[in-house]
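The structure appears below as structure tokens.
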Amino acid sequence: MPRRRFDDDDFDFVKRGPRSAAAFDTNADTDEPEAGHRWSTWDGAEHGPEPHPDWLVIELAAVDTELGVLKTGKEADVHLVERGVPGTDRTCLLAAKRYRSPEHRLFHRDAGYLEGRRVRRSRENRAMTNRTSFGREMIAGQWAAAEFAALSRLWEIGTSYGSVSVPYPVQLLGTELMLEFIGQDGEAAPRLAQLRPEGAERASLWEQLVDALVVLARAGLAHGDLSPYNLLVHHGRLILIDLPQVVDVVANPRGREFLARDVRVVSDWFAARGQATDSVALTTMLLAEAGVPA
Numbered sequence: 350m351p352r353r354r355f356d357d358d359d360f361d362f363v364k365r366g367p368r369s370a371a372a373f374d375t376n377a378d379t380d381e382p383e384a385g386h387r388w389s390t391w392d393g394a395e396h397g398p399e400p401h402p403d404w405l406v407i408e409l410a411a412v413d414t415e416l417g418v419l420k421t422g423k424e425a426d427v428h429l430v431e432r433g434v435p436g437t438d439r440t441c442l443l444a445a446k447r448y449r450s451p452e453h454r455l456f457h458r459d460a461g462y463l464e465g466r467r468v469r470r471s472r473e474n475r476a477m478t479n480r481t482s483f484g485r486e487m488i489a490g491q492w493a494a495a496e497f498a499a500l501s502r503l504w505e506i507g508t509s510y511g512s513v514s515v516p517y518p519v520q521l522l523g524t525e526l527m528l529e530f531i532g533q534d535g536e537a538a539p540r541l542a543q544l545r546p547e548g549a550e551r552a553s554l555w556e557q558l559v560d561a562l563v564v565l566a567r568a569g570l571a572h573g574d575l576s577p578y579n580l581l582v583h584h585g586r587l588i589l590i591d592l593p594q595v596v597d598v599v600a601n602p603r604g605r606e607f608l609a610r611d612v613r614v615v616s617d618w619f620a621a622r623g624q625a626t627d628s629v630a631l632t633t634m635l636l637a638e639a640g641v642p643a
């Protein structure tokens with residue numbers, strides 16, 4: 350069967366050889382980084398929650414180096430980027446999620462998620478409703494901004510209570526969202542869908558997932574597209590990813606529907622692998638935590 354061109358379930362890990370010191374060399378005539386590199390965009394971007402993690406390179410002299418594509422998706426592509434300060438050992442790996450330009454994005458899933466995200470200006474609302482070029486650009490910005498805001502909020506909650514794990518949201522610039530890279534030595538952590546956890550490991554992952562869903566519900570949120578493909582497992586820790594469609598359970602008329610679907614999808618996956626689950630009871634509990642009548 351031919352592979353779909355854009356598939357959120359498809360991902361390719363980048364294979365790289367050792368990099369030479371010349372990779373950070375700048376063009377002597379223009380004082381600009383060589384092709385394939387750019388100056389860090391940290392200065393002009395919206396930043397993630399403070400305090401910033403120690404591993405994050407925020408020096409303005411840093412250079413971002415493109416290492417390849419990690420994943421292609423329906424609305425965005427994820428690239429692996431190394432940010433480093435030339436002449437030092439200060440480097441970090443980032444995942445750059447770049448939402449597609451209006452003519453290349455697929456908007457078949459937008460309508461339900463965008464309920465409750467209306468903007469104040471009627472012209473902008475009409476453009477979004479009619480899917481004009483300007484309206485699509487606004488929607489792309491809303492996806493990126495919504496994901497950045499959700500990750501920032503959940504990161505702060507997780508830092509305080511330790512009951513939900515998400516990648517650190519490094520920065521937002523236009524429709525590019527830069528995130529903490531979850532993995533080791535340039536190899537991304539596996540998705541839950543790739544694994545076959547058993548026994549205590551499976552029970553631990555299920556418990557972590559329930560705790561995370563409770564935290565989201567208490568914040569009035571549902572993931573909106575939760576599945577084993579949107580969960581990473583890194584050193585036994587379950588990490589939520591891909592939150593551009595995060596749903597306000599209260600403001601969105603379909604909020605309860607999205608939350609119930611999230612629970613059903615992940616419950617079915619765990620149940621098929623021997624974990625005791627009750628999706629109806631869990632959904633009822635989460636709606637109560639969100640303050641929404643069941």
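In my numbering, the protein residues as written are 350 to 643.
Note that CB positions come from ideal geometry on N, CA and C, so glycine has one too.
Please read these numbers as outputs of a predicted model, since none were measured by experiment.
Give me the DSSP bridge partner(s) of residue i.
{"i": "Gln533", "result": "Glu536"}
{"i": "Ala444", "result": "Leu429, Leu528"}
{"i": "Asp413", "result": "Arg387, Arg432"}
{"i": "Asp597", "result": "Leu570"}
{"i": "Ile590", "result": "The partner list for Ile590 (beta bridge, DSSP) is empty, contrary to what the question assumes."}
{"i": "Leu580", "result": "Leu589"}
For a test of the three-state rule: what should DSSP assign to residue i, helix, strand or coil?
{"i": "Ile407", "result": "coil"}
{"i": "Ala495", "result": "helix"}
{"i": "Gly604", "result": "helix"}
{"i": "Gln624", "result": "coil"}
{"i": "Ile506", "result": "helix"}
{"i": "Leu521", "result": "strand"}
{"i": "Val612", "result": "helix"}
{"i": "Arg449", "result": "coil"}
{"i": "Glu395", "result": "strand"}
{"i": "Leu636", "result": "helix"}
{"i": "Val559", "result": "helix"}
{"i": "Ser512", "result": "coil"}
{"i": "Leu554", "result": "helix"}
{"i": "Leu565", "result": "helix"}
{"i": "Pro642", "result": "coil"}
{"i": "Leu500", "result": "helix"}
{"i": "Asp438", "result": "coil"}
{"i": "Leu541", "result": "helix"}
{"i": "Leu575", "result": "coil"}
To the nearest whole angstrom, what separates the beta carbons of residue i and residue j, a pair I think is in contact under 8 Å?
{"i": "Leu419", "j": "Ala444", "result": "6 Å"}
{"i": "Val427", "j": "Ala411", "result": "Contact doesn't hold; Cβ gap of about 20 Å is too wide."}
{"i": "Arg521", "j": "Glu395", "result": "Note that residue 521 corresponds to Leu in the displayed sequence, not to Arg. Right, their Cβ atoms sit about 4 Å apart."}
State yes or no: is the beta carbon of residue i nearer than 8 Å to at least one beta carbon in chain D?
{"i": "Gly604", "result": "Protein chains in the displayed structure number just one, and chain D is not present."}
Compute the Euclidean distance between the alpha carbons of residue i and residue j, then round it to the nearest angstrom.
{"i": "Asp597", "j": "Ala425", "result": "22 Å"}
{"i": "Thr626", "j": "Ser616", "result": "6 Å"}
{"i": "Asp560", "j": "Glu408", "result": "36 Å"}
{"i": "Val641", "j": "Gly436", "result": "55 Å"}
{"i": "Asp438", "j": "Val519", "result": "20 Å"}
{"i": "Asp566", "j": "Glu638", "result": "With the sequence shown as reference, residue 566 is identified as Ala, and Asp is not the correct amino acid for it. Rounded to whole angstroms, Ala566 to Glu638 spans 6 Å at the Cα level."}
{"i": "Trp492", "j": "Leu526", "result": "10 Å"}
{"i": "Glu399", "j": "Leu500", "result": "13 Å"}
{"i": "Asp392", "j": "Arg613", "result": "42 Å"}
{"i": "Arg502", "j": "Ala620", "result": "30 Å"}
{"i": "Gly532", "j": "Trp388", "result": "24 Å"}
{"i": "Ile590", "j": "Thr414", "result": "23 Å"}
{"i": "Leu636", "j": "Glu547", "result": "29 Å"}
{"i": "Ile588", "j": "Ser514", "result": "5 Å"}
{"i": "Gln624", "j": "Asp403", "result": "38 Å"}
{"i": "Gly523", "j": "Arg449", "result": "11 Å"}
{"i": "Leu442", "j": "Lys423", "result": "24 Å"}
{"i": "Glu600", "j": "Arg622", "result": "The sequence given here places Ala at residue 600; Glu does not occur at that position. The alpha-carbon atoms of Ala600 and Arg622 are separated by roughly 35 Å."}
{"i": "Gly646", "j": "Val430", "result": "Residue 646 is absent from the structure shown; the chain starts at 350 and stops at 643."}
{"i": "Thr673", "j": "Met634", "result": "Outside the displayed range of the chain (350 to 643) lies residue 673, so it cannot be described from this structure."}
Is the region 567 to 579 touching the region 604 to 616 in the sense that three or more CB pairs, one from each, lie closer than 8 Å? Put simply, the region 604 to 616 touches the region 567 to 579. At least three CB pairs are less than 8 Å apart.
Count Cβ pairs between the region 491 to 500 and the region 578 to 597 that sit closer than 8 Å; are there 3 or more? Segments in contact, yes.
Decide yes or no for the touch test of the region 534 to 545 against the region 501 to 513: beta carbon pairs closer than 8 Å, at least 3 of them. no
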